[in-house]
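Residue numbering for the sequence shown follows numbering that gives the first Met the number 0, starting at 0 and increasing by one per position.
Here a beta-carbon is modelled for each residue, glycine too, at the ideal position from N, C-alpha and C.
Remember, predicted model here, so these are calculated numbers, not experimental data.
Structure first, then comments.
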Amino acid sequence: MPERQESTGEPLDVLKLRKDFPILSRKVKGKRLIYLDSAATSQKPASVVEKMDDYYRRYNANPHRGIHTLSEEATAEYEGAREKLARFLNAHSSGVVFTKNCTEAINLVAYAWARKNIRPGEEILCTVLEHHSNLVPWQLAAEDTGAKLRYIPVTNEGDLDLAYLAELVTPKTRLVAVSGASNVLGTLPDLRLLIAAARAVGAKVLIDGAQLVPHSPVDFQALGADFLAVAGHKMLGPTGIGALIARPELLEEMDPFLSGGGMILDVTLEGSKWIEPPWKFEAGTPPVAEAVGLGAAVEYLEKIGMERVRQHELELTRYALERFSRIEDFQLYGSLHPERRGATFSFNIGDGRGGIIHPHDVGTFFDNEGIAIRAGHHCAKTLMKRFAVVSMCRASCYLYNTPEEIDRLVEAIEGVRKFFSGV
Numbered sequence: 000m001p002e003r004q005e006s007t008g009e010p011l012d013v014l015k016l017r018k019d020f021p022i023l024s025r026k027v028k029g030k031r032l033i034y035l036d037s038a039a040t041s042q043k044p045a046s047v048v049e050k051m052d053d054y055y056r057r058y059n060a061n062p063h064r065g066i067h068t069l070s071e072e073a074t075a076e077y078e079g080a081r082e083k084l085a086r087f088l089n090a091h092s093s094g095v096v097f098t099k100n101c102t103e104a105i106n107l108v109a110y111a112w113a114r115k116n117i118r119p120g121e122e123i124l125c126t127v128l129e130h131h132s133n134l135v136p137w138q139l140a141a142e143d144t145g146a147k148l149r150y151i152p153v154t155n156e157g158d159l160d161l162a163y164l165a166e167l168v169t170p171k172t173r174l175v176a177v178s179g180a181s182n183v184l185g186t187l188p189d190l191r192l193l194i195a196a197a198r199a200v201g202a203k204v205l206i207d208g209a210q211l212v213p214h215s216p217v218d219f220q221a222l223g224a225d226f227l228a229v230a231g232h233k234m235l236g237p238t239g240i241g242a243l244i245a246r247p248e249l250l251e252e253m254d255p256f257l258s259g260g261g262m263i264l265d266v267t268l269e270g271s272k273w274i275e276p277p278w279k280f281e282a283g284t285p286p287v288a289e290a291v292g293l294g295a296a297v298e299y300l301e302k303i304g305m306e307r308v309r310q311h312e313l314e315l316t317r318y319a320l321e322r323f324s325r326i327e328d329f330q331l332y333g334s335l336h337p338e339r340r341g342a343t344f345s346f347n348i349g350d351g352r353g354g355i356i357h358p359h360d361v362g363t364f365f366d367n368e369g370i371a372i373r374a375g376h377h378c379a380k381t382l383m384k385r386f387a388v389v390s391m392c393r394a395s396c397y398l399y400n401t402p403e404e405i406d407r408l409v410e411a412i413e414g415v416r417k418f419f420s421g422v
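Okay, structure coming up:
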């Protein structure tokens, strides 16, 4: 684990920190791995891997249901992970529901809250920025409830066009669902403004925190949202674990999304009763190893300090934007203001003939250089249509990336442009 540095105000010692991530020492195609795909999934520090391994080696058991030592230890670690995540986000532990991913957390709200509380003719407000996971559930909820789904548009610079906010947030608005940070453009919406507008008309707010929570300090209670969806694997934790952070009183009012063992107070042939939240939303055997791993990831991030993570990524963003500005025949999407975006960069590269090099070709070329990026529509087809493209290349940074890796990326961009255009 890293030494606690949160209160020092010193920049991250990234070269030292990188030693905590075993995968960063490997080579790809004979070259040192440059991992620029953290918006898809983050790499894991050894402490997370070791914590999960320790669970399977020493106290592998089902929590909550046993009176033997292993079960008691598994319960303590599982519930301890819930407490750690609650502390990390300044939320009540009774409002932390473990899910298998961020997508399930959003769907939990769409099924357990929206379908019970939204009536025909009422409105759900979303944005054109959204990942499919924070768009499609609301399309389906609108169809099932008879509600109208409306969208905040996106400017040419990739920001939400809040000039339309007053006419989009109305007394009919029941829910505002928005990403805390765009998985494509890195856009950081003004959440406080959106939440205030929603509050003014009595609407609830759901934040898709998949790209926000790993990169910036988040205080759930101070933010004032009603729901926050979290993806464990994007914040140094394992796959197969996410969470819904919610106001506990809302969970009290909601019916279970899934049912089965582990969430039962009583069952008769006539019906069933549930235990209290958050457990009434965690039917079946829970992802104990994954929760334990997420708890270790939270401890790792806490000891580094999220303010320092954000500052490091802000410096990387400034550096990358300056380097990108000097590349010819290169289209970067999103804001050019570092403070208004995260360190996620989507782009296309010109082919020298008025078109673009297909992002899949770019990704293959980069892979031969040991550079891992993402190529495609990034589960954001509405945003692709907004910018009149089918796909984009995406390089996304995290706390373990360095300016030298940005340099390598720029060299690869120049290399692929010359290779395909002959210029």
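Residue range 329-332 is occupied by the beta strand (DSSP E) that includes residue 329.
The alpha-carbon separation between residue 305 and residue 211 amounts to approximately 11 Å. For residue 391, the enclosing beta strand (DSSP E) stretches over residues 391-395.
In chain order, 99, 286 and 289 place their CB closer than 7 Å to the CB of residue 239, counting only its own chain and leaving out the 5 sequence neighbours on each side. Judged by pairs of C-beta atoms under 8 Å, the stretch 201-217 touches the stretch 229-237, as three or more such pairs exist.
By the 16-neighbour rule on beta-carbons within 10 angstroms, residue 163 is exposed. In chain order, 203, 204, 205, 245, 246 and 249 place their CB closer than 7 Å to the CB of residue 225, counting only its own chain and leaving out the 5 sequence neighbours on each side. For the options 76, 376, 402 and 255, the alpha carbon positioned closest to that of residue 103 is the one of 255. In the three-state DSSP reduction, residue 316 falls in the helix class (H, G or I).
Sequence-distant Cβ neighbours of residue 191 in its own chain, meaning closer than 8 Å and more than five residues away, are 222 and 223.
Under the criterion of beta carbons closer than 8 Å, residue 83 and residue 298 qualify as touching, at roughly 7 Å.
Cβ-Cβ distances below 7 Å link residue 92 to 81, 82 and 85 in the same chain, with the five nearest sequence neighbours on each side left out; the list follows chain order. Distance between residue 57 and residue 68, taken at the CA atoms: about 11 Å. In the three-state reduction of the DSSP assignment, residue 270 falls in the coil class. Inclusion of residue 119 and residue 158 in the CB contact set at 9 Å is not warranted, their separation being larger than that value. Closest in C-alpha terms to residue 382, from the list 241, 260, 154 and 327, comes 154. Comparing alpha-carbon positions, the option among 32, 122 and 14 lying closest to residue 22 turns out to be 32.
If you keep only unbroken alpha helix (DSSP H) runs of at least 4 residues inside the stretch 168-213, you get 190-199. The C-beta of residue 266 has fewer than 16 other C-beta atoms within 10 Å across all chains shown, which makes the residue exposed.
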